[in-house]
Each structure stands twice: as C-alpha cells, then as structure tokens.
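K.L.:
If you number the sequence shown the way my numbering does, the last residue is 428 and the count never jumps. C-beta: ideal position from N, C-alpha, C; glycine also. One structure, as structure tokens, below. Some questions next.
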Amino acid sequence: MKVFSFFRGGFRYTDVTVPSHDSSVTAFLPGLSVIPLVQHIGSRANPVVAVGDRVSEGMLIGRGQGLGSANIHATMPGRVVRTVSWKMAEGITNDALVIKLEGGFTVLGKKAEVFPWQGLSPFELQRIIAEYGIVEMEGSGRPVSDMFYALRSAHDPLTLVVRCVFDDPWLVADHVLLKERVAAVAEGACIAARAGRISRLVFILSRGLRELGQRLVDAAGSALPVSLVYTGMRYPQRNQRELELILRRYAKKQGYELGTMLALGPATLAAIHDAVKFKKPILDRYVAVGGSAIKEPKVMKVRIGTRIGEIFAECGGFTDKPKRIGSGSPLLGRTVMDLDEPVIKTSYAVFAFLAAQIGGHERSKCIGCGECRAVCPVGLDPETLYKLTGCSNARDEGLSRAAECHGCGCCEVVCPARLPLSTSIIRSALRGA
Ligand code: SF4
Ligand code: SF4
C-alpha cells in the first residue's frame, strides 16, 4: 500500500487526553435545549417561532438568510420558553431559542421511512440538502448548498473527495462516526456526487484505516469511478492545500485529471444521507469530550442544543479546576466562555485542560531556534513575518507573503517562546486583503 504525504513541514500531533476511538456512547437528552440561530458561517437565521410556541422534533425554527446562512431545526419536542443572547470569545453575539422538553418524539426511537433518491435530479437533491440545513460539520459551518452553488462555475471534471484524514487526534469523533456509519457515509458521498454533478469519487484515508477504506469503496458501488488513497499522519495533511498536493500527484500517476475538488468529511456526508434518505435535519452529532481536566473522556452522540456543562458532567466532571475550555481542536478551536454554551452542528470536540496541559501563557522573546520555519508546510518564515506584523511600516514586500499562510497553527504550537505567530500572521493577512 503506497502512502502519500506532503513534502515539507508539519508535525505529528498527538494528545493522550483525547478519548478512545473504540466506540461512542449516547448522551442523555437534556431537559432544556439551547438552539443557536448561528451554527454556520453566515448571518443569523431568522426565527420562525416565538416564545410560548410548541415545536416538534426536527421542525424548522429558524430560516437561513442568504449565502453562508442555513436553516435551523428543533432537535427535541417541546415549548420555546425564552430567547437568550450571549457574547462569544470572538466578540460575536449569538442568539438562541431555549426549548423545554415536552411531548412525544417523532423521530427518536421510530423506524425511519426511507425516501429513494436515485430518481431525483441534482436540483431536487440540492433543495433537500438546503432545506434540512446541512453545513460542513467538520469545523467551517459553510452550507453545503453554497458549495454546490459554487461548483456551477467550476471547471470540469469535478471530483468529490471524501476526506477521512485524522491528522489531528481531536477528530476522533469523526473517526468513530466513520466506523459506526460507514455505509451511510458512502451513500452520502454518492448522493453528494449526484447533487453536484460530480463525475468521480476519491476516498482518502489516514494510513492504518485500510479495512474502512475498502468498506467505503464496496458500499459506494460502481455507479462512478472510485479511487482509494492513503495518506501519512503528519498534521496538517487534511488541509485543502496539502490534500490537493498529494491528490494531484496521485491522479497524475493514475492517468486521470482531478479537475475541481470538493472535499467533504464523514459527519457532513452522513448528514446529507440522513437529510435525503430519511428527510431528517441534523438532530445530533458525534463529539469528542476530553482533556486533562475531564475524568472520563468519551466520544458521545449528543443532541444539538445540549449544554457543554451537561456533557462534562456526564463524563464524570472535572478532576480539578480547568484552565482552558474550548470547542473544536485545541489547535484551531475557539474558547468557550460559559458552560451553558450548547453543542452546535460544528462542535466535533469539546475539551477542558488543566494548567499543566497548557504549559502556561508566559511569553518570552524569540530565541531564534528556527522551529517555526521547520514546520511551516508553505515554506514561510513565521518568525520574520511575526516580527514584521509589529512594525508600523509593515506593508513591505516581506509581509505580503502573510497572505500565503493558511492558518494551520503548526508554527505557534512548536514555538518554545509561546509567541502568537499564526494568530498575528493571519490577522495581518486579513488587514492587507
Ligand atoms: S500558521 Fe501559517 S505561518 Fe504558521 S506554519 Fe501554518 S502556514 Fe506556516
Ligand atoms: S519558533 Fe518561536 S522562538 Fe523559535 S524562531 Fe520561531 S518565533 Fe523564534
């Protein structure tokens, strides 16, 4: 088995405090669910229910407004008891509908009716995917319908890349989902390919996942040409740029053209499958709950809207007072300010770290070790770029390379002086854009 890896930089990211990838457990249903109206990259969904209204499981409660925005659904039956607003660490205000659990479930525990999709047109499939508010669940929150829209002006051929690359240990929830729902992921890929008029499927997996790779290929059938590629485990192999580098090399060797690539992960493809085949919005998601402050790290299947504090409690609570609580990967994720913040469509991990795991925030001066240069996969000089970001006349030629930074965070992780390298470089690139 040949394994493809990007050439330069990166590092092997390990963390012993992530939960095991053996299996998942289902979290308790919360008595109150907090459903934010922003669970995507664009503007807030417009609420279509008010305080006092009754809602059913899977009912539309917020309508997406334009590009980047997505529909929002109730994840439990009940009554809207209030609205809440809170400021997140990024300074953005989010609003949510609070639903008190009441009445019977219409989806949970019921045998799902199956809706055949093979006879539907790409347009009809796209409409269903948009209606059920499917977004890229592996972090970005970009509506999948927007991605299909962007493909209309893309150059042929089109390739769907099923990205099962777990270079970051905090993607363990996706790994477990893939193991437990491999047939749904493969069928979701076939549906997405039809919806996007895509002519080839490429399954790309981390080395060591050979059996899962074969199961994906078998489940996908033979309606489209299918390729199976294995990658190395160095972070950031999953990044679009590093992924494209190896896939274009692979496709050239195999004698076909990759064309325009759309990359989707297992959670998103399983959600596409459920939306089209069962007419079901995203009601829950797999979440990795871990970190040194958590007594019993687990991968849990959690209802959207469950408060993070409740999930931590289900994992035995804290070993000691955490120093940092966050959502997503510690490398790229965001800080959680309040344990009442809920799990949303993009919360693939939540973590709580003790001070020892963070190693303190003391910043010192650059010692010129060169580690940041060694790990940058783009070949940038993060030390110099960082120093230039602090200059008042910084719009010089050197700083223009900041635009090439794709924010993988490698430089910041390895810096012994704990300088905010990638954060400053990205901010500078955005200012110059
Ligand atoms: S965050 Fe940017 S500068 Fe730092 S290693 Fe990644 S690409 Fe290079
Ligand atoms: S890793 Fe940090 S200390 Fe080392 S050269 Fe880069 S900025 Fe300086």
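Select from 21, 32, 16 and 14 the residue whose C-alpha is nearest the C-alpha of residue 298.
P.N.:
Among 21, 32, 16 and 14, the Cα nearest to that of residue 298 belongs to 21.
K.L.:
Can you tell me whether residue 414 sits near ligand 2, meaning its C-beta is under 6 Å from at least one heavy atom of the ligand?
P.N.:
Yes, Cβ of residue 414 sits closer than 6 Å to a heavy atom of ligand 2.
K.L.:
Take the Cβ of residue 108 as the centre, count every other Cβ of all protein chains shown within 10 Å, and call the residue buried at 16 or more, exposed below.
P.N.:
Residue 108 comes out exposed.
K.L.:
In the DSSP assignment, the beta strand (DSSP E) including residue 201 goes from what residue to what residue?
P.N.:
Note, residue 201: beta strand (DSSP E), 195 to 201.
K.L.:
Using a threshold of 6 Å, is the CB atom of residue 437 nearer than that to any non-hydrogen atom of ligand 2?
P.N.:
The question about residue 437 has no answer here: the residues shown for the chain are numbered -4 through 428.
K.L.:
Which same chain residues end up closer than 8 Å to residue 43 when comparing Cβ atoms and leaving out the 5 residues on each side of it in sequence?
P.N.:
Cβ neighbours of residue 43 beyond the five flanking positions: 55, 56, 57 and 58.
K.L.:
With a threshold of 6 Å on Cβ separation, who are the neighbours of residue 376 within its own chain once the five nearest residues in sequence on each side are excluded?
P.N.:
Excluding sequence neighbours, residue 376 sits near 368.
K.L.:
Determine which residues share a DSSP beta bridge with residue 339 and list them.
P.N.:
Beta-bridge pairing links residue 339 to no other residue.
K.L.:
Please list the segments of the beta strand (DSSP E) lying wholly inside the stretch 30 to 118, counting only runs of 3 or more residues, in order along the chain.
P.N.:
Runs of the beta strand (DSSP E) inside the stretch 30 to 118: 55 to 58, 73 to 82 and 88 to 96.
K.L.:
Quick one: is the Cβ of residue 363 within less than 6 Å of any heavy atom of ligand 4?
P.N.:
Absent from the structure shown: ligand 4. Ligands present: ligand 1 and ligand 2.
K.L.:
Tell me residue 279's beta-bridge partners as DSSP assigns them.
P.N.:
Residue 279 pairs with 298.
K.L.:
Can you tell me which of the three DSSP states residue 247 falls into?
P.N.:
Of the three classes helix, strand and coil, the one that applies to residue 247 here is helix, per DSSP.
K.L.:
Which parts of the stretch 204 to 235 are runs of the beta strand (DSSP E), unbroken and 3 residues or longer, counting only runs that do not cross its ends?
P.N.:
Taking only runs of at least 3 residues, the beta strand (DSSP E) segments lying wholly in the stretch 204 to 235 are 221 to 226.
K.L.:
Output needed for residue 336: all residues of its chain with C-beta closer than 6 Å, excluding positions within five of it in sequence on either side, in chain order.
P.N.:
Once the five neighbours on either side are set aside, the close Cβ partners of residue 336 are 303.
K.L.:
Go ahead and label residue 440 buried or exposed: buried means 16 or more other beta carbons lie within 10 angstroms of its beta carbon, across all protein chains shown.
P.N.:
The structure shown does not extend to residue 440, since the chain spans only -4 to 428, so no value can be given for it.
K.L.:
With respect to the alpha helix (DSSP H) encompassing residue 189, which residues constitute its N-terminal and C-terminal limits?
P.N.:
Note, residue 189: alpha helix (DSSP H), 177 to 190.
K.L.:
I need the straight-line Cα distance from residue 61 to residue 37, nearest angstrom please.
P.N.:
Whole-angstrom Cα-Cα distance: 8 Å.
K.L.:
With respect to 6 Å, is the separation between the Cβ of residue 378 and the closest non-hydrogen atom of ligand 2 below this value?
P.N.:
Checking the Cβ of residue 378 against ligand 2 gives yes.
K.L.:
When we look at the beta-carbon of residue 213 and count the other beta-carbons within 10 Å, is it buried (16 or more) or exposed?
P.N.:
Result: exposed.
K.L.:
Would residue 406 and residue 417 qualify as a contact pair, given that the criterion is a beta-carbon distance under 7 Å?
P.N.:
It is a contact, given that the beta carbons lie within the stated cut-off.
K.L.:
So does residue 402 have its beta carbon nearer than 6 Å to some heavy atom of ligand 1?
P.N.:
Flag set: Cβ of residue 402 near ligand 1.
K.L.:
Using 7 Å as the threshold, is the C-beta distance between residue 138 and residue 98 below it?
P.N.:
In this structure, residue 98 does not lie closer than 7 Å to residue 138 by Cβ.
K.L.:
Hey, is residue 394 close to ligand 1, as in C-beta under 6 Å from one of its heavy atoms?
P.N.:
Answer for residue 394: no, Cβ out of range of ligand 1.
K.L.:
With DSSP collapsed to three states, give me the class of residue 23.
P.N.:
Coil, per DSSP.
K.L.:
Considering only the alpha carbon of each residue, which of 257, 233, 293 and 229 lies closest to residue 188?
P.N.:
Closest option to residue 188, Cα to Cα, is 257.
K.L.:
Applying the criterion that 16 or more other CB atoms from any shown protein chain within 10 Å of the CB defines a buried residue, is residue 262 buried or exposed?
P.N.:
Buried, by the Cβ-count rule.
K.L.:
Within 10 angstroms of the Cβ of residue 315, are there 16 or more other Cβ atoms? Answer buried if so, exposed if not.
P.N.:
Classification for residue 315: exposed.
K.L.:
Nearest to residue 351 by CA position, among 81, 317 and 169, is which residue?
P.N.:
Comparing Cα-Cα distances from residue 351 to each of 81, 317 and 169, the minimum goes to 317.
K.L.:
Give the secondary structure of residue -3 by DSSP, where H, G and I count as helix, E and B as strand, and everything else as coil.
P.N.:
Reduced to three states, the DSSP call for residue -3 is coil.
K.L.:
Mapping DSSP to helix, strand and coil, what is residue 256?
P.N.:
The answer is strand: DSSP assigns residue 256 an E or B state.
K.L.:
Here's a check: name, in chain order, each residue in its chain whose Cβ is nearer than 6 Å to the Cβ of residue 320, leaving out the five neighbours to either side.
P.N.:
Within the same chain, residue 320 has close Cβ partners 331 and 347.
K.L.:
Buried or exposed: where does residue 141 fall if 16 or more other Cβ atoms within 10 Å of its Cβ makes it buried?
P.N.:
Buried.
K.L.:
Helix, strand or coil for residue 287, going by three-state DSSP, please let me know.
P.N.:
The answer is coil: DSSP assigns residue 287 none of H, G, I, E or B.
K.L.:
Between the C-alpha atoms of residue 163 and residue 13, what's the straight-line distance to the nearest angstrom?
P.N.:
Rounded to the nearest angstrom, the two C-alpha atoms are 10 Å apart.
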